[in-house]
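The structure under discussion appears below in the form of structure tokens.
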Amino acid sequence: MKRIVLVGGGTGGHFYPLIAVAEHLRAHTEISSQMDLYYLGPNPYNKTDLDTHGIKYVWCPAGKRRKYFSPLNVIDFFKNIIGIFVAVWKLYVIYPDLVFSKGGYTSVPVVLAAWFLRIPIVIHESDSRPGSANKLAAKFARYIAISFDEVAEFFPAPKTALTGIPIRTELTVPVTNPAETLGLPTDKPIIFVTGGSLGAERINFLILQTLDELLPHFTIIHQTGPAEQEKVKTMAVSLIKDEALLANYFIKGSLTAAEMNCAQLAAELIISRAGAGSIFEIAYKKKPSLLIPIPEDISHDQRSNAYAYARTGAAVVLEEGNLTDGLLTTEILNILNNREKYETMSRAATEFTTGDAAEKILALMVEIADEHI
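Below you can see the structure in the form of structure tokens.
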């Protein structure tokens, strides 16, 4: 029986690609029956998903490294030291044939422990610029899988391969009538707006300002984030001049994976943050997009991801600091009212990803695990 340890977390962007790889492994019955999966780390991002896919959770502490002064940095430094010792012990007991790391602060103790025990390591970098955890892990990794061409320069070429990002099965399922599944009318083109699972207050505000101009021509499904849902509903009622237009505006606090899949499939245009996972989901659906990255002083990853993707021609980037409702409306209409531009962007999205990242990474993991004695 072969054993693989999965590690990485802190955010869904680190965690869910691990689940996607596990899903593909479980789909191969002949491989799955000979493979045990473990997840090492502090509290997992979603314990239910681990249980659903038969991944055994093993606790291991880890500390976050902040880029600003904080007394918590001292505490978390010692968490990492303790985490390394705990990880060495846990890995020694499990003795896996491979550690697959998605990066993030939770991965550091486990990767260092795996290197100490001479356990093969494969890492995956989602962003167009590597995080500090993966920069460190790359020194010890057997192979490095990347999602954007631009990030290759940060890693040794002989052991680096472009794979894309593994996408969960629920987000790749074909749906015959996605708009009807969500209860949306189909008489107008649909725009899907999302600020991520928690929403984005600035994006919510800007969309509200565009409703009078857009709703006569489009249906909008707007994921506001749970905390903003009621506030956005109240503001929409007070801001829209023609109350009848509210029939074209659908507000969702949050979406399940199945609902997210339907919203992406139903949309003609997607307005989104620029997390790497979101970009690859949008590209997989072949949809043109407007990307509004989190400002760089908060997260450098999203801005670099957005521009890396936009260079393919599949998206337009709008910087939050310079964005007005007028500019947002103009860019939406520029895409949806120009069929040639729309189709060019859709083709570029199609060419960006083949959607087989999970299979590529799984094949590599199985090959290395089989070599390990």
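The numbers in this note's numbering rise by one with no breaks, and the one at position 232 of the sequence shown is 212. The beta-carbon is built from N, C-alpha and C at its ideal position, and this holds for glycine as well.
Between residue 129 and residue 256, the C-beta spacing is not below 9 Å. When secondary structure is reduced to three states using DSSP, residue 153 falls in the coil class, being assigned neither helix nor strand. Bridge partners of residue 13 according to DSSP: none are assigned. Here the C-alpha atom of residue 13 lies approximately 18 Å from the C-alpha atom of residue 341. In the pairwise beta carbon analysis, the region 325 to 341 is classified as touching the region 143 to 153: at least three pairs are separated by under 8 Å. Contact check for residue 294 and residue 328: beta-carbon distance about 4 Å, within the 8 Å limit, so the pair qualifies.
Residue 75 and residue 39 have their C-alpha atoms spaced approximately 15 Å apart. Residue 20 carries a strand assignment under DSSP once its states are collapsed to helix, strand and coil.
Taking C-beta atoms as the reference points, residue 190 and residue 312 count as a pair closer than 9 Å. Counting along the chain, residue 295 sits inside the beta strand (DSSP E) bounded by residues 295 to 297. Rounded to the nearest whole angstrom, the CA to CA distance from residue 310 to residue 249 is 13 Å. In the structure shown, residue 97 falls within a coil segment according to DSSP collapsed to helix, strand and coil.
Under the three-state reduction of DSSP output, residue 164 falls in the coil class, being neither helix nor strand. Residue 237 sits away from residue 323, with the two beta carbons spaced by 9 Å or more.
Under the 10 Å beta carbon count, residue 31 is surrounded by fewer than 16 other beta carbons and is classified as exposed.
Between residue 82 and residue 17, the C-beta gap is not smaller than 9 Å, which leaves the two residues out of contact. In this structure, the CA atom of residue 273 is about 15 Å from the CA atom of residue 304. Counting along the chain, the unbroken beta strand (DSSP E) around residue -17 starts and ends at -18 to -13. Here residue 186 has 303, 304, 305, 308 as same chain residues with Cβ atoms under 8 Å from its own Cβ, once five neighbours each way along the sequence are excluded.
Every alpha helix (DSSP H) stretch that sits fully inside the region 292 to 346 and reaches 4 residues is listed by chain position as 305 to 316, 319 to 332. In the same chain as residue -19, and ignoring 5 residues on each side of it, the C-beta atoms closer than 8 Å to its own belong to 14, 15, 16, in chain order. With respect to the 9 Å criterion, residue 84 and residue 176 are not classified as neighbours on the basis of their beta carbons. Residue 231 is positioned such that its CB atom lies closer than 9 Å to that of residue 216. Contact between residue 343 and residue -16 is ruled out by a C-beta separation of about 13 Å, above the 8 Å threshold.
In this structure, 104 is the residue among 205, 104, 251 with its C-alpha nearest to the C-alpha of residue 114.
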